[in-house]
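Residue numbers for the sequence shown follow my numbering, so the first one is 208 and each next one is one higher.
For every residue, glycine included, the Cβ atom is placed at its ideal position computed from N, Cα and C.
These figures come from a predicted structure and were not determined experimentally.
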Amino acid sequence: MKPITLNNTLSNQTKTITSITSEVLDETPVAEDESHPLMKIERILQEAARPDAHARRTVVVLPAFNVEATLERTVHQLPGSVIDEIILVDDGSTDQTVRIARGLGLRIYRQPKSRGYGANLKMCYMHALERGGDFVIVQNPNAQYDCRLISSMIDLLQNDMCDMVIGSRLQNRRGAKEVGIPLHKYAGNRIMTTMHNALLRQNISDCFSSFRGYRRQVLKKIPFMRNSDGIVFDSQVLAQTAHFGYRITDIPVVGCSSDRSLKEDLDYGMGALRVLASYCGHKTGLRKRPIFKS
208 MKPITLNNTL SNQTKTITSI TSEVLDETPV AEDESHPLMK IERILQEAAR PDAHARRTVV
268 VLPAFNVEAT LERTVHQLPG SVIDEIILVD DGSTDQTVRI ARGLGLRIYR QPKSRGYGAN
328 LKMCYMHALE RGGDFVIVQN PNAQYDCRLI SSMIDLLQND MCDMVIGSRL QNRRGAKEVG
388 IPLHKYAGNR IMTTMHNALL RQNISDCFSS FRGYRRQVLK KIPFMRNSDG IVFDSQVLAQ
448 TAHFGYRITD IPVVGCSSDR SLKEDLDYGM GALRVLASYC GHKTGLRKRP IFKS
């Protein structure tokens, strides 16, 4: 297993400045004057260490559960030149997921037992923010999406063209058919996406895609820790992002259908409907919901 090579520009710049500082300290007394070269270098180092510094950080989070068969392939598809850090949060896997992640050089956080998809994503977002992520990309390491398109998602976020970007598998039926998405899943997603667009006042094409990217301010604003620990978490985040007025867009990606059963898909759809109902109730004042309060 080869560890992925990441973007180390900020780290290298900081090391260079630190080296210069050490050389100057050997020869120059420290001055109290703010204009002194040492004081300027210190300010540069402090600025470089800030999460919101000019060299902004891109963090990819991998919510993982028993993905030993697909993890290595997923990681090696990631465009390392535009990624500063990869974080894997393991949701109590019972296979070799953690061992493989270590061999790939990922930053790993473990939960002793499975707490659910939503609980895993909560930890992913928390750790991404703690690590100074300015742009946070969610990539499920189960080979469901072609993660080479992360570069396009990052471009949209970095150029301030949106605050949240969704990787859509369903911008047209032909593309969905080519990657094996069954007709009933395509039709169900289309119906639910139309409802999301109407009620959230958006224009997206795949409301159930879990391949997403966010600007830092979105995750700092929305109260995602109040959300469900289950699979409906993503629907809640989408509604929260729209509720707080952030810009949402999507791009076409190559993806495949999930392996959920028809019953699981129906349960997921009903959960999403309940999220939309709670959103409408909150907006109209019928019943205020904590997940939509800042």
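Going by C-alpha positions, Pro-270 is about 30 Å away from Lys-495.
For Ala-405, the three-state secondary structure derived from DSSP is helix. When only Cα atoms are considered, Ala-276 and Arg-408 end up about 39 Å apart. Judged by pairs of C-beta atoms under 8 Å, the stretch 416 to 431 touches the stretch 337 to 351, as three or more such pairs exist. For Ile-498, the closest of Ser-468, Asp-441 and Ile-429 by C-alpha to C-alpha distance is Ile-429. A buried status is given to Ser-442, since no fewer than 16 other beta-carbon atoms sit within 10 Å of its beta-carbon. Under the DSSP definition of a beta bridge, Gly-420 partners with Ile-344 and Val-372. Listed as beta-bridge partners of Asp-298 by DSSP are Gln-318.
For Asn-410, the number of other beta carbons within 10 angstroms of its own is below 16, and it is reported as exposed. Take the alpha-carbon of Tyr-486 and the one of Val-439: they are about 14 Å apart.
Counting along the chain, the unbroken alpha helix (DSSP H) around Leu-483 starts and ends at 469 to 491. The shortest CA-to-CA distance from Ile-455 to any of Lys-320, Ile-373 and Gln-303 is the one to Ile-373. Uninterrupted alpha helix (DSSP H) stretches at least 4 residues long and entirely within the stretch 424 to 456 occur at 440 to 450, given in chain order.
In the three-state DSSP reduction, Leu-269 falls in the strand class (E or B). In the structure shown, Glu-275 falls within a coil segment according to DSSP collapsed to helix, strand and coil. For the pair of segments examined, the stretch 315 to 323 was found to touch the stretch 296 to 305: the number of CB pairs separated by less than 8 Å reaches three. For Asn-349, there is no enclosing alpha helix (DSSP H), as DSSP marks it with neither H nor E. Setting aside the 5 residues that flank it on each side, Leu-493 has no residue in the same chain whose C-beta is closer than 6 Å to its C-beta. Annotated three-state conformation of Pro-286 is coil, per DSSP.
In this structure the stretch 397 to 405 touches the stretch 476 to 483; the number of beta carbon pairs closer than 8 Å is three or more. In its chain, beyond the 5 residues on either side, Val-266, Val-268, Ile-294 and Val-343 have a beta carbon closer than 7 Å to the beta carbon of Ala-335.
Within the same chain, Ile-458 come within 7 Å of Ser-359 by CB-CB distance, once the 5 residues on both sides are set aside. Among the bridge pairs identified by DSSP, Glu-292 is matched with Val-266. Where Gly-323 is concerned, there is no enclosing alpha helix (DSSP H), because DSSP gives it neither an H nor an E. Beta-bridge analysis with DSSP links Pro-459 to Ser-375. Per DSSP, the continuous alpha helix (DSSP H) segment holding Ile-307 begins and ends at 304 to 310. Non-local beta-carbon contacts of Asp-291 in its own chain, meaning distances under 7 Å to residues more than five positions away in sequence, involve Leu-213, Asn-214, Arg-264, Thr-265 and Val-266 in chain order. Comparing alpha carbon positions, the residue from Val-425, Gly-395 and His-450 closest to Asp-472 is Gly-395. In the three-state DSSP reduction, Ser-359 falls in the helix class (H, G or I).
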